[in-house]
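Colleague: Residue numbering for the sequence shown follows the UniProt record's numbering, starting at 1 and increasing by one per position.
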Amino acid sequence: MPIPSPTQLTTFSSLPLSGDSSSSSSSSSSSSPSEAVPDHQTNQDTYLFATIKSNLTITKPTLILTDSASHDFALVFDPPSAVVSSGPYTPDAVADKFKQLGLKKGSTVIIKNARRTTTTTQKKAAAGREEEEEEGQGFVVLRSLGRLLQAGEKPEGGAASGKEGEAELLGVVPSALFLTRVMMDILRQRDESLPGDREEKMCDGKFDGCVTPGGKEEGGLKRCQGCVEVWYCSKECQTRRWIAHKSECKTIKALRGIWPRPEGVE
1 MPIPSPTQLT TFSSLPLSGD SSSSSSSSSS SSPSEAVPDH QTNQDTYLFA TIKSNLTITK
61 PTLILTDSAS HDFALVFDPP SAVVSSGPYT PDAVADKFKQ LGLKKGSTVI IKNARRTTTT
121 TQKKAAAGRE EEEEEGQGFV VLRSLGRLLQ AGEKPEGGAA SGKEGEAELL GVVPSALFLT
181 RVMMDILRQR DESLPGDREE KMCDGKFDGC VTPGGKEEGG LKRCQGCVEV WYCSKECQTR
241 RWIAHKSECK TIKALRGIWP RPEGVE
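1) Roughly how many angstroms lie between the CA atoms of Ser32 and Thr11, to the nearest whole one?
2) Is there a C-beta anywhere in chain C that falls below 8 angstroms from the one on Arg188?
3) Consult DSSP for Ile258 and reduce its assignment to one of helix, strand or coil.
4) Can you tell me where the alpha helix (DSSP H) with residue 292 in it begins and where it stops?
5) Is there contact here, the segment 219 to 226 with the segment 181 to 189, by at least three beta-carbon pairs under 8 angstroms?
6) Using only CA atoms, which one of Glu166, Asp204, Leu145 and Arg190 lies nearest to Pro2?
7) Considering only C-alpha positions, which residue in the set Ser175, Arg143 and Asp67 is nearest to Lys246?
8) Quick one, which of Ser193, Thr108, Lys60 and Thr212 has its alpha-carbon nearest Ile258's?
9) Enumerate in chain order the residues of its own chain whose CB-to-CB distance from residue 322 is below 8 angstroms, with the five nearest sequence positions on each side excluded.
10) Measure the alpha-carbon distance for Lys105 versus Ala114 and round it to whole angstroms.
11) Since Val94 contacts Thr57 with CB under 8 angstroms, what's their CB separation in whole angstroms?
12) Should Gln238 go down as buried or exposed, given a rule of 16 or more other Cβ atoms within 10 Å for buried?
13) In this structure, how does DSSP classify Leu221 when only helix, strand and coil are distinguished?
14) What did DSSP end up calling Ala95 once you bin it into helix, strand or coil?
15) Output the distance between the C-alpha atoms of Leu170 and Ser144, rounded to the nearest integer angstrom.
16) Using three-state DSSP, classify Thr212 as helix, strand or coil.
17) Figure out for me which residue from Gly102, Val230 and Gly146 has the closest Cα to the Cα of Val173.
18) Would a C-beta distance cut-off of 8 angstroms place Phe98 and Leu142 closer than the cut-off?
19) If you draw a straight line from the alpha carbon of Glu229 to that of Leu148, how long is it in whole angstroms?
20) Across which residues does DSSP place Thr51 in a beta bridge pair?
21) Hey, quick one: how far does the beta strand (DSSP E) through Val141 stretch, first residue to last?
22) Taking all protein chains shown into account, decide if Asp204 is buried (16 or more other Cβ within 10 angstroms of its Cβ) or exposed.
23) Can you check which of these residues, Ser5, Ser86 and Ser81, is closest to Asp45 by C-alpha distance?
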C-alpha cells in the first residue's frame, strides 16, 4: 500500500455522511482551502489525519480530535469491547488501553475511509424526514482498533475487525499533525522515485555546521539506526542533530510502520 497522494487526504467536514452511499462531499465549500476534496464517487481510498486533543470516555471509548482545518470532532469506538475486550468496562480501563496503544494527547491518528455522523443525521434517521444539516461537532465511529491490535490479540464479541468498506484505524503517530504531514510528504517523494534511482546522500547536518566539507565523506555515510531514512557523516554530527531529529525519527518510524519502504527504493 503506497503512501496516499494529496488528493486522497481529507478533512472531517469533507467526509461523506454515514449511511449515505450516494453522497459525495456535501460540505466541500467549508473544507480547508489547502485540502483537496476527494471524489467519494470513485473507488479511491481517503485518509483523515487528526490530532488527539483529549479523552472524553464515558459510556463509550471516545477521543476528541482536531483535523487540519481546525475542526473538532469525536472518534467513538462502538462497541466498547473494541477497546476493552476483557475485564470490566470502566473509563479508567479505557484510558489505560489508550495509553498502551499510544493514543494520547498530541499524537496524530490516521483513519482510512472514514464517514461522519452528526447529531442532526441521527435525528433525521429517527424522525424519517428530511432536515437541513447543521454545522457543528460530529463524530466518526470505528468498530475495532484495526491495525493497533497487538499481534496475537483476538477481539471479542462485536469487536471484530471492520468489514470491507468500513472506516479503519491505520495507526497512530507520536507527533503533531503538521510534522506528520511534512514527514509523510518527504517519504512519499522518495517512494515515488524510479527503481534504481539514487538520491544523492548528504549528511543531515549539512546546513548545521557539518564537520565534513560539503556534508559528504569518502568513507561513506551511515544511516540513523532509528528511522533508517537519514544519513550522517560522523557521530559528532548525529549527536549535534539529535535534538532536532528526535521527533522526526519517531514520526518516520511510525509512518513506515503503516507504509513500509517499497522494494528498490534506497
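Here a beta-carbon is modelled for each residue, glycine too, at the ideal position from N, C-alpha and C.
Modeller: By the coordinates alone:
1) Along the sequence shown, one-based indexing puts residue 32 at 32. Along the sequence shown, one-based indexing puts residue 11 at 11. Its pLDDT being 45, under 50, Ser32 is placed unreliably in this model, and the coordinates cannot settle the point.
2) No chain C appears in the structure shown, which is made up of a single protein chain.
3) The count along the sequence shown starts at 1 and reaches residue 258 at position 258. Helix at Ile258.
4) What is shown of the chain runs 1 to 266, which leaves residue 292 out entirely.
5) Short answer: they don't touch.
6) Here the question's residue 2 lines up with position 2 in the sequence shown. Cα-wise, what sits closest to Pro2 is Arg190.
7) The count along the sequence shown starts at 1 and reaches residue 246 at position 246. Ranked by Cα distance from Lys246, the options Ser175, Arg143 and Asp67 are led by Ser175.
8) Here the question's residue 258 lines up with position 258 in the sequence shown. The shortest C-alpha to C-alpha distance from Ile258 to any of Ser193, Thr108, Lys60 and Thr212 is the one to Thr108.
9) For the chain, the structure presents residues 1 to 266; residue 322 sits outside this window and is missing.
10) As a working note, residue 105 is residue 105 in the sequence shown. As a working note, residue 114 is residue 114 in the sequence shown. Answer to the nearest angstrom: the Cα atoms are 21 angstroms apart.
11) Residue 94 sits at position 94 when you count from the first residue of the sequence shown. Residue 57 sits at position 57 when you count from the first residue of the sequence shown. That belief holds up - the Cβ atoms of Val94 and Thr57 are roughly 5 angstroms apart, short of 8 angstroms.
12) For this step, residue 238 is matched to residue 238 along the sequence shown. Of the residues assessed, Gln238 falls on the buried side of the cut-off, its CB having 16 or more other CB atoms within 10 angstroms.
13) The residue you call residue 221 lines up with position 221 of the sequence shown. In this structure, DSSP gives Leu221 a state outside helix and strand, which the three-state scheme calls coil.
14) As a position in the sequence shown, residue 95 is number 95, starting the count at 1. Note: Ala95 maps to helix in three-state DSSP.
15) Against the sequence shown, residue 170 aligns to sequence position 170. Against the sequence shown, residue 144 aligns to sequence position 144. About 11 angstroms.
16) Taking the sequence shown and counting its residues from 1, the one referred to as residue 212 is at position 212. Assignment of Thr212 by DSSP, reduced to helix, strand and coil, places it in the coil class.
17) Sequence index remark: in the sequence shown, residue 173 carries index 173 (1-based). Comparing alpha-carbon positions, the option among Gly102, Val230 and Gly146 lying closest to Val173 turns out to be Gly102.
18) Residue 98 sits at position 98 when you count from the first residue of the sequence shown. Residue 142 sits at position 142 when you count from the first residue of the sequence shown. Cβ atoms of Phe98 and Leu142: not closer than 8 angstroms.
19) In the sequence shown, counting from the first residue as 1, residue 229 sits at position 229. In the sequence shown, counting from the first residue as 1, residue 148 sits at position 148. Just so you know, the alpha carbons of Glu229 and Leu148 end up roughly 23 angstroms apart.
20) Here the question's residue 51 lines up with position 51 in the sequence shown. The bridge partners DSSP lists for Thr51 are Thr66 and Thr108.
21) Within the sequence shown, residue 141 is the residue found at index 141, counting from 1. For Val141, the uninterrupted beta strand (DSSP E) run begins and ends at Phe139 to Leu142, by DSSP.
22) Position 204 of the sequence shown, counted from the first residue, corresponds to residue 204. A buried status is given to Asp204, since no fewer than 16 other beta-carbon atoms sit within 10 Å of its beta-carbon.
23) Working through the sequence shown from its first residue, we reach residue 45 at position 45. For Asp45, the nearest C-alpha among the options comes from Ser5.
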